[in-house]
Structure formats: structure tokens, C-alpha cells
């Protein structure tokens, strides 16, 4: 007589759920795709901050400000000097008309001016140029603009400003051999963002100096000013901001990677039972023994077996 083995007597390792767990592995989840979308959104949100940082980095650094006066007497056949400011400097350079009135302390000059000047008694006419926030490259280009004010080959002017640590060194030179003494006039004024420590010009204030070179000669301009580099301070602030932003992105990515990790069972590894059966106090059957041939332990007598 055959004995039917109940399902409860099957070994735990041979349960139907465990036999089909490997063959019924759930399909891969779409969480990685969600992670990619979230990362793309983070990058899009960070783009304005990065672009603002780059824009900020191009506006920091040493900037030059000041003014230039170019003038001549009204009887100059070439006419008053004019400056042609390029469009790239239109917002940083302004040009206004300049007229120098005769001095009241010089009556003789007053009479001579009244007889020769035809522009409302002015002894010199020309242009006043005011510049502000010029970069080093623009400042050098500005020297060429001033040199062309009196016409071609009349004069040359080279301007430059370089930083060495906390010291900004301004150096310039001009060749005014093409100008006429007593007729033409040039005055250059430069302002710094810090106190001037050395110069060969006339210091107007702690941060401003001017030069009035003699026409018909060669002149040099020198000035040193001491103040911290504004680019260094700006770079430190943006460095902290970018560091915190990168740290936040790393933390978000790590969190998303942990939450969206694949929890499905690996190939060849059975799934863990949801409700494991606790072992009885007497212990289970010994290894290798048959659960059917338990003899009297099942409550049967010898007569029943027969």
C-alpha cells in the first residue's frame, strides 16, 4: 500500500515556491531611468549657477579709471583733436567738449587770446575723455585711441597696468615730438582702487595721479598702488559656493543610487522565504532519516501496521 506524503512533510528546501523562484525572477525595474532623469534635472538647475560663476570671473580683477584731455589752440589749421571711441567701449568711455578759458592772473595772455581765439575767447579747445572700469587690454587699446586724436603720426602713447602681488604697477610712455609746444595740450589722469605708494606724476589724492607731458618731447608715466587683488576675493567666494554645490550633487546621487538599487534575487540564488517556520523544541528529523518510517512515534500500533 503506497503512502501519500503530505505537502507539510516536504523538506523546506524543496517547497514549490523555492523551486520556482529562480525561474520567475521579476523583470528589471525602471528605476535607473528615473535616476538618469533626476540627474539631468540637477545638471539643468546647476547650469545657471555655473554660467553666473563664469560671467562673474570675467568681470573681476584690476580696472583702470581716469580721464584724458587733448586740446589745441583755436588757430590750429588741423582743427581741435577728436577721439574715435569704438563700440566696445561705448559704455565705459564718454567724450565731452573741452574749452580752456584764459586765466585771470595773466592779463597779457588774456589780450592775446581775445585777438587770436575765435571760439568765445577760449585759449584751447578739444575733448575731455572720461574712462572707467577698463580692463588691462582695453587700457592698452585706449592709449592708441588717444594717440590718434591729433591725427596720424602726430604722437604715440603706450599704456599698461600689471599686478605683482598686492602692488599694481602702471607704466606708460608717450612720444609728443609731432606736437607743437605752446599750442597743443595733453593731460592724463589715472585713478586706482588703493593708495598710491610711488609715482613720477602729480598726485591729486591718495588714489589719483596726473601727468601733463611737454609737447615736442618724450615722456614716461609711472605709478604704483597697493591694494588686494579683487579677483582673489571673488575666486574664494565662488570656490566655496561651487564646493558646496558639488557636495550636494554627490549626496543626492549617492542617495538615489541607494534607494533605486536592484533588490531582485541574483541568478542561481533562491529567494528568502517571507515567513520562515520556527524550529520545534524537539528539533527536526535527523539528516538521512525518512519522515514516514517514524514507527510508534506516529501513534500507530503493531496491529495497525499488520
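In the UniProt record's numbering, the protein residues as written are 1 to 306.
Idealized CB from N, CA, C, for every residue including glycine.
Quantities reported herein were computed from a predicted structural model and do not represent experimental measurements.
Coarse secondary structure for residue i, derived from DSSP in three states
| i | result |
| --- | --- |
| residue 214 | coil |
| residue 178 | coil |
| residue 148 | helix |
| residue 142 | helix |
| residue 85 | coil |
| residue 227 | coil |
| residue 124 | strand |
| residue 169 | strand |
| residue 64 | strand |
| residue 266 | coil |
| residue 373 | This structure cannot settle anything about residue 373, because the visible part of the chain is limited to 1 through 306. |
| residue 183 | coil |
| residue 255 | helix |
| residue 248 | helix |
| residue 71 | strand |
| residue 136 | helix |
Inter-residue Cα distance where the pair is residue i and residue j
| i | j | result |
| --- | --- | --- |
| residue 226 | residue 177 | 33 Å |
| residue 100 | residue 78 | 18 Å |
| residue 170 | residue 184 | 25 Å |
| residue 262 | residue 163 | 57 Å |
| residue 81 | residue 153 | 13 Å |
| residue 148 | residue 70 | 11 Å |
| residue 193 | residue 256 | 49 Å |
| residue 137 | residue 122 | 36 Å |
| residue 93 | residue 135 | 12 Å |
| residue 196 | residue 85 | 28 Å |
| residue 156 | residue 150 | 10 Å |
| residue 250 | residue 133 | 39 Å |
| residue 210 | residue 204 | 7 Å |
| residue 260 | residue 241 | 29 Å |
| residue 245 | residue 253 | 12 Å |
| residue 267 | residue 258 | 21 Å |
| residue 75 | residue 102 | 15 Å |
Cβ-Cβ separation, residue j to residue i (assumed contact under 8 Å), whole Å
| i | j | result |
| --- | --- | --- |
| residue 72 | residue 124 | 6 Å |
| residue 191 | residue 208 | 5 Å |
| residue 188 | residue 68 | 5 Å |
| residue 161 | residue 62 | 6 Å |
| residue 83 | residue 168 | Rounded, the Cβ-Cβ distance is 25 Å, inconsistent with contact. |
Sub-8 Å separation of residue i and residue j beta-carbons
| i | j | result |
| --- | --- | --- |
| residue 223 | residue 243 | no |
| residue 66 | residue 131 | yes |
| residue 314 | residue 186 | Absent from the model: residue 314. The displayed extent of the chain is 1 to 306, so no value can be given. |
| residue 228 | residue 166 | yes |
Contact between the region 136-147 and the region 83-100 is defined here as three or more beta-carbon pairs at a separation below 8 Å; is this criterion met?
Taking 8 Å as the limit for Cβ pairs, the verdict is that the region 83-100 does touch the region 136-147.
Give a yes or no on contact between the region 164-182 and the region 208-224, applying the rule of three or more CB pairs nearer than 8 Å.
The region 164-182 and the region 208-224 touch, with no fewer than 3 CB-CB distances between them shorter than 8 Å.
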